[in-house]
Amino acid sequence: MEGSLAVFCVATYGEGDPTDNAQELYDWLKNGDVDLSSLNYTVFALGNKTYEHYNAMGRFVDQRLEELGATRVFQRGEGDDDANIEEDFVTWSEALWPAVCQRFGVDSALDTSNVREYAITVHSDLSPERVFTGEPLRLGSFANQKPPFNSKNPFLAPIRVIRELHKGGERSCMHVELDIAGSRLNYVAGDHLALFPSNDPRLVDRVGELLGVDLDTVFSLTSTDEAATKKTPFPCPTTYRTALSYYVDITSPPRTNVLKELAEYATDPKDKEFLLKITSSSDDGKHQYREWVLEDRRTLVAVLEDLPSSQTSSGPPGGAPASTPGQILLHLLLTQDEPDVSPRHAVLIDYTTRTGRRNMGVATGWLKRHQQKVQNGEVVLAPISIRHSSLRLPYHSSKPVIMVGPGTGLAPFRGFIQDRAAAKQSGIYSLTLHMCCMLTQRHIGRSPFCP
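Structure (structure tokens):
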């Protein structure tokens, strides 16, 4: 691997665990004893400082590669999702590339601004059976359900109940019951339920309208890097409508790379200058990005509406309706109940921004759009999978357990209490929960906790 560089971008999940797609790498590094002296590498770790094991996986990969003889070309970077992980990465990468260029003798002055990761192909003669309609991996997996079910092959679970728990106030918390009979899904107290929702169709239509895109056009994106292991950013071929509905995040504030793409098409010099400034690494630019985008919670639609000269009939470079193609972020609805015992509770996102716009989370909007249908007796299927957790009760139920939920982190304990309650007749145990609740009307766990 002489003259090559491996850049590891590694996220940490849960209690310092690897993500699903990094599990194999983790096992290989942990148990392997291979000579990596010919490997040049650097690591960027992605985590959240509110968790105890901050960036544990990225730090492990960095340390283990060095132990196996690999050469660290540049210091490890760390991103904090509780602050601004995009800013952390940009700051790190701006220092990374000059160091890499110097080490490998590459001209750092080369202009790569117009290099595209993916090439687009528009299809006009594909049969509908060959076009993805929102499946995460396997074509037709929604129409033809086959176990085992996981994050790449969600189970379509009928929704039995959706109801709002908060009778008043600004927060939304919904009680959701799902039927997973016949799915062979294995749930253990402490696990998470992952829901694969779609974006609001009205929001999707608005993006298409603002960018002048025919949403029913069938297209494919293919990596321009022949050596890339991932040939497409999401399942292709598909339509713009499906991509915006299932595969692209259009509800979160756009990252700086999206705004840089829009700046290329801004016809108003003031709009272009503003977009370039808030995406720069200057202190003033970072401040304006935090204030105008993050604190005002502007989505892609809000940016396009407030900076109309950035709208374009041809779409951003590459022809894609959003320049951040990638799998839509999975919204984990924490569920800690035994699936055949109790309902699930999901805390949802629905608020008004400082600009007067109403923002709704993807999962929130999806559940609210289907709430009336479920109440009317219609069959609504929710694509779900189980995300296993390392947070577990002691193997022996006789061991006492003290749980502390200081305003956050309460959800896993609910399942633990129900698990122990179910085993109450078979042994003696002690289970104590200490929790905080700001308002009595928000004490959503009262009835599930207290018989």
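Position one of the sequence shown corresponds to residue 2 (this note's numbering), numbered consecutively onward. We treat Cβ as the ideally placed atom computed from N, Cα and C, and that holds for glycine.
Could you give the residue range of the alpha helix (DSSP H) that holds residue i?
i      : result
GLU379 : Careful: GLU379 lies outside any alpha helix (DSSP H) and carries neither H nor E.
VAL74  : Careful: VAL74 lies outside any alpha helix (DSSP H) and carries neither H nor E.
ARG359 : Taken as a continuous stretch (DSSP letters only), ARG359 belongs to no alpha helix (DSSP H), being part of the beta strand (DSSP E) at 359-361.
SER94  : 86-105
ALA12  : Where ALA12 is concerned, there is no enclosing alpha helix (DSSP H), although the beta strand (DSSP E) it sits in stretches over 7-14.
ARG60  : 57-68
PHE275 : 270-279
ALA264 : 257-264
LEU140 : Segment: none, LEU140 is in no alpha helix (DSSP H) and carries neither H nor E.
VAL304 : 301-307
Excluding sequence positions up to five away, which residues of its chain have a Cβ less than 8 Å from the Cβ of residue i?
i      : result
VAL302 : LEU204, ARG207, VAL208, LEU211, ILE251
ASP82  : LEU47, GLY48, ASN49
GLU67  : ARG73
VAL342 : Any reading at VAL342 needs caution, since the residue's pLDDT is 31, under 50, leaving its predicted position unreliable; the model's value is listed next. So the qualifying residues of the chain are GLN419, ALA423.
ASP215 : GLY209, TYR241
GLU339 : Any reading at GLU339 is ruled out, since the residue's pLDDT is 31, under 50, leaving its predicted position unreliable.
PHE105 : GLY4, LEU6
VAL381 : PRO159, ILE160, HIS371, LYS374, VAL375
TRP293 : ILE279, ARG299
CYS237 : PHE133, PHE220, SER221, LEU222, THR223
SER152 : ASP21, PRO137, ALA195, LEU331, SER386, ARG388
Hey, residue i and residue j are a contact pair by Cβ (cut 8 Å); roughly how many whole angstroms apart?
i      : j      : result
THR218 : THR240 : 6 Å
SER5   : ASN56  : In fact, because the Cβ distance is near 25 Å, the residues do not count as touching under 8 Å.
PHE156 : SER128 : Contact doesn't hold; Cβ gap of about 27 Å is too wide.
PRO413 : VAL402 : About 12 Å; that fails the 8 Å criterion.
ALA71  : LEU37  : 4 Å
VAL123 : LEU69  : VAL123 to LEU69, Cβ: 45 Å. No contact.
PRO19  : PHE197 : Rounded, the Cβ-Cβ distance is 21 Å, inconsistent with contact.
SER386 : PHE150 : 6 Å
TRP93  : PHE45  : 6 Å
ARG65  : LEU30  : 5 Å
Determine the DSSP secondary structure at residue i, reduced to helix, strand or coil.
i      : result
HIS124 : strand
GLU296 : helix
TYR241 : helix
ILE181 : coil
ASP341 : Confidence is the limiting factor: at ASP341 the pLDDT is only 31, short of 50, which leaves the residue's position unreliable and the question unanswerable from this model.
TYR248 : helix
ARG388 : strand
HIS176 : strand
VAL214 : coil
SER221 : strand
ASP34  : coil
ASN145 : coil
ASP201 : coil
TYR290 : helix
TYR27  : helix
CYS451 : Only weak support exists for where CYS451 lies, its pLDDT of 44 falling under 50; the coordinates are left without a value.
PRO19  : strand
VAL132 : coil
ASP206 : helix
GLY83  : With the sequence shown as reference, residue 83 is identified as Asp, and Gly is not the correct amino acid for it. ASP83 falls in the coil class under three-state DSSP.
What span of residues does the beta strand (DSSP E) with residue i cover, start to end?
i      : result
PRO159 : 156-165
LEU194 : 193-196
THR225 : Where THR225 is concerned, there is no enclosing beta strand (DSSP E), given that its DSSP letter is neither H nor E.
ALA46  : 41-48
THR353 : 351-353
Within its chain, find whatever has a CB closer than 7 Å to the CB of residue i; leave out the 5 residues flanking it on each side and keep chain order.
i      : result
ALA23  : VAL11, MET58
GLU87  : ARG256, THR257
ASP272 : LEU308, SER310, SER311
ARG358 : ALA303
Under 6 Å Cβ to Cβ from residue i, same chain only, skipping five residues before and after it: list those, please.
i      : result
ASN32  : none
GLY17  : HIS54, ALA57
SER109 : PRO99, CYS102
THR13  : GLY48, ASN56, ALA57, MET58
GLY361 : In the sequence as presented, Gly is not what sits at residue 361; that position holds Met. Closer than 6 Å at Cβ, skipping near neighbours: ASP351.
PHE143 : GLU136
ASP1   : Here the chain has residues from 2 to 452 only, and residue 1 is not among them.
ASP63  : VAL44, ARG77
LEU295 : PRO254
With contact counted as at least three CB pairs below 8 Å, one residue from each stretch, are the segment 94-103 and the segment 68-76 in contact?
Segments in contact, yes.
With three or more beta-carbon pairs closer than 8 Å as the criterion, would you say the segment 146-165 touches the segment 255-264?
No: fewer than three Cβ pairs fall under 8 Å.
Can you confirm whether the segment 196-203 touches the segment 292-308 when touching is taken to mean that 3 or more C-beta pairs between the two stretches lie within less than 8 Å?
No, because fewer than three Cβ pairs between the segment 292-308 and the segment 196-203 fall closer than 8 Å, the two stretches do not touch.
Can you find at least 3 beta carbon pairs, one from the segment 178-193 and one from the segment 221-239, that sit closer than 8 Å?
No: the two stretches stay apart, fewer than three of their Cβ pairs being nearer than 8 Å.
At a cut of 8 Å, does the segment 281-293 reach the segment 263-273 through at least three beta carbon pairs?
Output reads no: the segment 263-273 does not touch the segment 281-293.
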